[in-house]
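Asks: Residue numbers (full-length UniProt numbering): 1 to 288.
We put the CB at the ideal spot given by N, CA and C, even for glycine.
Predicted model only: the values in this text are computed from it and were never measured.
1. Name the DSSP bridge partner or partners of residue 211?
2. Taking one C-beta from the stretch 110 to 129 and one from the stretch 153 to 164 each time, how about it: are there three or more such pairs within less than 8 angstroms?
3. Closest to residue 195 by C-alpha separation, out of 267, 125, 151 and 104, would be which residue?
4. Rounded to whole angstroms, what's the CA-CA distance from residue 40 to residue 202? Just pull it up for me.
5. Measure how close the beta-carbons of residue 169 and residue 224 come, nearest whole angstrom, since I'm counting them as under 8 angstroms.
6. Thinking C-beta only, is residue 199 closer than 8 angstroms to residue 163?
7. Would you list the residues sitting across from residue 113 in a DSSP beta bridge?
8. In three-state DSSP terms, what is residue 35?
9. Could you give the first and the last residue of the continuous alpha helix (DSSP H) run that contains residue 80?
10. Using the C-alpha atoms, what's the distance from residue 71 back to residue 131?
11. So the candidates are 107, 101, 190 and 48; which of them puts its Cα closest to the Cα of residue 26?
12. Mind checking whether residue 192 and residue 179 have CB atoms under 8 angstroms apart?
13. To the nearest angstrom, how far is the alpha carbon of residue 147 from that of residue 186?
14. Return the residue from the list 22, 62, 64 and 89 that minimises the CA-CA distance to residue 75.
15. Taking the continuous alpha helix (DSSP H) assigned at residue 19, which residues delimit it?
16. Answer with buried or exposed for residue 135, where buried requires no fewer than 16 other C-beta atoms within 10 angstroms of its C-beta.
17. Count the other CB atoms, across all protein chains shown, that sit within 10 Å of the CB of residue 65; report buried if there are 16 or more and exposed otherwise.
18. State the start and end residues of the unbroken alpha helix (DSSP H) segment that holds residue 204.
19. With H, G and I counted as helix, E and B as strand and the rest as coil, what does DSSP make of residue 158?
20. DSSP beta-bridge partners for residue 43?
21. Excluding sequence positions up to five away, which residues of its chain have a Cβ less than 6 angstroms from the Cβ of residue 128?
22. With respect to the beta strand (DSSP E) encompassing residue 169, which residues constitute its N-terminal and C-terminal limits?
23. Leaving out five residues before and five after residue 216 in sequence, what residues of the same chain have Cβ atoms less than 6 angstroms from its Cβ?
24. If you measure between the beta carbons of residue 51 and residue 30, is that distance less than 8 angstroms?
25. Check for me: the alpha helix (DSSP H) holding residue 65 runs from which residue to which?
26. How about residue 131: is its Cβ closer than 7 angstroms to a heavy atom in the ligand FAD?
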């Protein structure tokens, strides 16, 4: 983008009122967008016809309304907090609150909740679906609660399916096909990645093992084979929420998603300790 001063210098011969009229006309028809930097400088940037069409649909919005909308658009499906909008748009909080209400009333944006901070709203364009990192994907309910019961059901169904197979093994695709055709899970679409994470968790729990053969080396799918052990001494890693958490890669001390503030990990640790005290070292922890 370029600043207003740069435009005025480049068109020094043009009368100031004519220049301002032209800029306002371009802004009104959406062929130019206006952004404000953290220092307060205003930048103008040309837009495509498609962008201009969207801008025209926002006819009647103030410059502040458009500025906030553009910041929300820039955030994409990750969403953005009201606090960050205030800083990026260089506006007061009461201005941001008023703008957000205007944009929501027009159906241009919507508020969503994140699994990382359930009590804090994120704002996203109305036509976008939030990312899995925000919603938690298949492992979270509509209320952003970790769906322990769903994971248990899928783990048990996967084990039973593999146990019934001739080779005591199956690929993630085969398990997915079984889950899909059985009608076991309704109203929640599952993908290959979801089932693979379930099978991986069972590997960590010493219920399955990954078999590697020539077909795998040549690009084929890996198989998961039933591992028959004395499970009274098997580790219980599958119960740890971390192994099926969609934000696992972003989780680290001091970050927005961190183990210190994770209510699911805290709940698991507390439950595990009480279960172990009550049942001894061979206690089998379960989601509650």
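Replies: Working from what's here:
1. According to DSSP, which records beta bridges pairwise, residue 211 is partnered with 223.
2. Segments in contact, no.
3. Per the Cα distances, 151.
4. Residue 40 and residue 202 have their C-alpha atoms some 54 angstroms from each other.
5. Contact holds; Cβ gap of about 6 angstroms.
6. No; because the gap between Cβ atoms is not below 8 angstroms, this pair is not in contact.
7. According to DSSP, which records beta bridges pairwise, residue 113 is partnered with 121.
8. Three-state DSSP puts residue 35 in a strand.
9. Going by DSSP, residue 80 is part of no alpha helix (DSSP H) at all; its letter is neither H nor E.
10. Distance between the alpha carbons of residue 131 and residue 71 is about 17 angstroms.
11. Selection 107, 101, 190 and 48 evaluated against residue 26 yields 48 as nearest (Cα-Cα).
12. No.
13. About 14 angstroms.
14. Considering only alpha carbons, the answer is 89.
15. Judged by DSSP secondary structure, residue 19 falls within the alpha helix (DSSP H) whose first and last residues are 16 to 28.
16. When all chains shown are included, residue 135 counts as buried.
17. Under this definition residue 65 is a buried residue.
18. 192 to 204 is the span of the alpha helix (DSSP H), which, as asked, contains residue 204.
19. The answer is helix: DSSP assigns residue 158 an H, G or I state.
20. Beta-bridge pairing links residue 43 to 3 and 35.
21. Closer than 6 angstroms at the Cβ level, and outside the excluded window around residue 128, lie 77.
22. Segment 169 to 171, the beta strand (DSSP E) holding residue 169.
23. Legend: pLDDT at residue 216 = 49, less than 50; position of this residue unreliable, value from coordinates given subsequently. Cβ within range, chain order: 222.
24. Yes. Within cutoff.
25. In the DSSP annotation of this structure, the continuous segment of the alpha helix (DSSP H) that includes residue 65 starts and ends at 63 to 75.
26. Although the ligand FAD was asked about, the structure shown includes no ligands whatsoever.
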